Amino acid sequence: MNGFKFTDLKCLAMMVLIIMAFCGDAGQYLLMAAALVWMFAKVLELHRSRRKEPPAQKGKAAAKPAAAPAVQPVQASRPAAPVQQPKPAVLRPQPIDPEMERVMLRHINFRITEKLQGAFPSAVWRWETERPLEQVVKGSSARIRLSGVPDWNFADVLFERSGRIRLEMLSLRPLEEMQKPAKEGPAADGDPDSVNLRDWYDLSASAVVRATIDEVYTRGYRELRIAEDGALYVLEQQVQVGQGQLSYLPGKKLWADLVPLFEEDDITATVEEDSILLTWAN
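For any residue, its number in the working numbering is found by taking its place in the sequence shown, counting from 1, and adding 5.
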């Protein structure tokens, strides 16, 4: 048989079969001896195969290892330059066309005039702030000088983002003039029943009433009254004690229409026979 070797497993299997066929159970020692001889032969074969290497392998073993590439000097790594983030574009307001500026300012002027003359029919005014339209764009305030408005000579016009225009009435005078005795002012112009209630309340009443309530509340009072002539007072043991004055209070027949305006400032107004009773939450 070509390639037959004693150390093959086939040879071992044939010896086992022959011994078992001819010797039966009595051949167990013979089987052990044959297995030991086969194992010994197998070990010798493996030992010889390791000592005798093929020529190709010897050539490979004799070959010198390739020279390792020269180690290149490692340059010190420089820190990467920080990446500059692009700067956000600055939105600069574009100059307003002069003609468009005049048109827009006229619309604003009319709104201010309507608001002023709704409470003071003879009121006139002029701008004190230069380029007021720029303040409108910023949602800021600008100042105007008043004429024909008793008790006030200036006002700050507040331009809210909602589009609403609000006026803060001011009285600015030199200290020497304020120390002089007050002169009797001219009689009120126009019919007190023809005023615009919203404009009158915003310009003449709201700030004065709220400031007076803040003051008397700190002293323990829980109500404030407005007399027919606009006088603000509290009662101390049924005695009227003055706390201020409202200018151009509308006539009694319009008092009921003032109630919702007071409610907007969280003030409860009750119309009585000769006064308006104001109360507020603690």
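The beta carbon of each residue, even a glycine, is placed where N, CA and C say it ideally should be.
None of the values given here were measured: they were computed from a predicted structure.
Under 7 Å between C-beta atoms of residue i and residue j
i, j, result
"Thr134", "Ala124", "no"
"Gly247", "Thr217", "no"
"Asp161", "Glu173", "yes"
"Ala232", "Ser280", "yes"
"Trp130", "Leu151", "yes"
"Ser176", "Gly153", "no"
"Ala286", "Val276", "no"
"Arg230", "Tyr222", "no"
"Gly144", "Arg171", "no"
"Gly20", "Ala39", "Note on identity: in this sequence residue 20 is Met, with Gly being the wrong assignment. Yes; because the gap between Cβ atoms is below 7 Å, this pair is in contact."
"Leu164", "Val141", "It should be pointed out that residue 164 corresponds to Phe in this sequence rather than to Leu. Going by C-beta atoms, Phe164 is nearer than 7 Å to Val141."
"Phe138", "Glu106", "Here residue 138 is Leu; the residue named in the question, Phe, does not match the sequence. The answer is yes: Cβ separation under 7 Å."
"Glu3", "Thr284", "This structure cannot settle anything about residue 3, because the visible part of the chain is limited to 6 through 287."
Classification of residue i by the beta-carbon crowding that lies within 10 angstroms, buried from 16 upward
i, result
"Leu282", "exposed"
"Ser209", "buried"
"Lys63", "At Lys63, the pLDDT of 49 sits below 50, so the modelled position is not reliable; the number obtained from the coordinates is stated separately. Exposed is the call here."
"Val200", "buried"
"Asp102", "exposed"
"Ser54", "exposed"
"Lys149", "Sequence inspection shows Ile at residue 149; the Lys mentioned does not correspond to that position. By the 10 Å Cβ count, Ile149 comes out buried."
"Ile117", "buried"
"Leu251", "buried"
"Tyr253", "buried"
"Asp207", "buried"
"Leu263", "buried"
"Ala274", "buried"
"Ile23", "exposed"
"Pro255", "buried"
"Phe267", "buried"
Residue span of the alpha helix (DSSP H) that contains residue i, given as start and end
i, result
"Leu202", "Leu202 to Trp205"
"Ser211", "Ser211 to Thr223"
First and last residue of the uninterrupted beta strand (DSSP E) at residue i
i, result
"Leu208", "Counting along the chain, Leu208 falls outside any beta strand (DSSP E), and DSSP gives it neither H nor E."
"Arg148", "Ser146 to Ser152"
Can you give, in chain order, each stretch of the alpha helix (DSSP H) that sits fully within the segment 230 to 283 and has at least 4 residues?
-> The qualifying runs are 260 to 268.
Whole runs of the beta strand (DSSP E) within the segment 154 to 181, excluding any shorter than 3 residues
List check, beta strand (DSSP E) in window: 159 to 164 and 170 to 175.
Length-filtered (3 minimum) beta strand (DSSP E) runs lying within the segment 96 to 144 | 129 to 132, all fully within the segment 96 to 144.
Quiz item: Any contact of the segment 110 to 128 with the segment 214 to 231, i.e. 3+ C-beta pairs under 8 Å?
Solution: Under the Cβ criterion (8 Å, minimum of three pairs), the segment 110 to 128 does not count as touching the segment 214 to 231.
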